[in-house]
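A.B. asks:
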Ligand SMILES: Cc1cc2nc3c(=O)[nH]c(=O)nc-3n(C[C@H](O)[C@H](O)[C@H](O)COP(=O)(O)O)c2cc1C
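In our numbering, the protein residues as written are 50 to 206.
Spelled out as structure tokens, the structure:
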């Protein structure tokens with residue numbers, strides 16, 4: 050069982066979130082790979098059980114690089130059904146696009162037929178941070194990673 054985290058980050062905030070999410074996946078005993086979008090290839094997608102996308106908020110949406118990655122993933126359209134998906138975002142301010150960015154990423158994963166689990170607790174859609182993750186945001190990231198890992202184990206274990 051393996052989870053891949055693909056993130057974009059210019060000033061390091063989303064990158065910090067990515068490594069906090071990966072810690073959560075590891076805590077549940079599931080293998081995880083963390084890749085900056087520039088180094089990631091859609092050719093890894095058929096071999097993984099879960100995909101977590103992370104992006105800075107750019108005008109309320111994911112970055113162009115993340116969108117390019119998503120568009121390239123059409124190569125495996127129909128082949129990713131039932132894999133687990135999740136998303137996180139870093140914004141510059143509060144109420145300024147983190148949720149719309151997370152939802153935009155989740156839309157793409159849902160179109161691939163992936164399974165996305167929300168939560169009735171805090172951070173319903175994924176994880177969000179204003180700037181670099183503080184302790185609360187880092188905890189939300191770890192919880193997201195744990196949620197994905199546990200779902201991967203239930204579906205693919
Ligand atoms: C082109 C651009 C557009 C941005 N648009 C938004 C925005 O709509 N809302 C917001 O809160 N922050 C916006 N920001 C700020 C970034 O989302 C924020 O600084 C984020 O933490 C950067 O993440 P990074 O350190 O991983 O690059 C924008 C930044 C850039 C460079």
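Glycine included, every Cβ here is placed at the ideal spot set by N, Cα and C.
Here the structure is a predicted model, which means the values were calculated and not measured.
Scan the region 175–206 and note each continuous alpha helix (DSSP H) run of 4 residues or more that stays entirely inside, going in chain order.
C.D. replies: For the region 175–206, whole alpha helix (DSSP H) runs of length 4 or above, ordered along the chain, are 184–205.
A.B. asks: Assign residue 172 to buried or exposed, taking buried as 16 or more other Cβ atoms, counted over all protein chains shown, within 10 Å of its Cβ.
C.D. replies: Result: buried.
A.B. asks: List in chain order: all unbroken beta strand (DSSP E) runs of 3+ residues lying wholly within the region 116–140.
C.D. replies: Counting only runs of 3 or more, we get 133–140.
A.B. asks: For residue 111, verify whether its CB is less than 7 Å away from any heavy atom of ligand 1.
C.D. replies: False, no ligand heavy atom lies under 7 Å from that Cβ.
A.B. asks: Work out the CA separation of residue 139 and residue 66 for me, nearest whole Å.
C.D. replies: When rounded, the distance between both Cα atoms is 8 Å.
A.B. asks: Pop quiz: residue 132 and residue 100 are said to be a contact at Cβ under 8 Å. What is the actual Cβ separation, rounded to whole angstroms?
C.D. replies: That pair is a contact at about 6 Å.
A.B. asks: Rounded C-beta distance between residue 148 and residue 181? I'm assuming under 8 Å.
C.D. replies: Residue 148 to residue 181, Cβ: 19 Å. No contact.
A.B. asks: Counting only the same chain and skipping the five closest in sequence on each side, list residues whose C-beta sits under 6 Å from that of residue 64.
C.D. replies: Cβ neighbours of residue 64 beyond the five flanking positions: 58.
A.B. asks: Let me check you understand the geometry: is the CB of residue 71 closer than 7 Å to at least one non-hydrogen atom of ligand 1?
C.D. replies: No.
A.B. asks: Looking only at DSSP bridge pairs, what is residue 85 linked to?
C.D. replies: Note: residue 85 sits in a beta bridge opposite 56.
A.B. asks: Counting only the same chain and skipping the five closest in sequence on each side, list residues whose C-beta sits under 6 Å from that of residue 97.
C.D. replies: These residues qualify, in order along the chain: 51, 53.
A.B. asks: Give me the Cα-Cα distance between residue 93 and residue 145, rounded to the nearest whole angstrom.
C.D. replies: Going from the Cα of residue 93 to the Cα of residue 145 covers about 32 Å.
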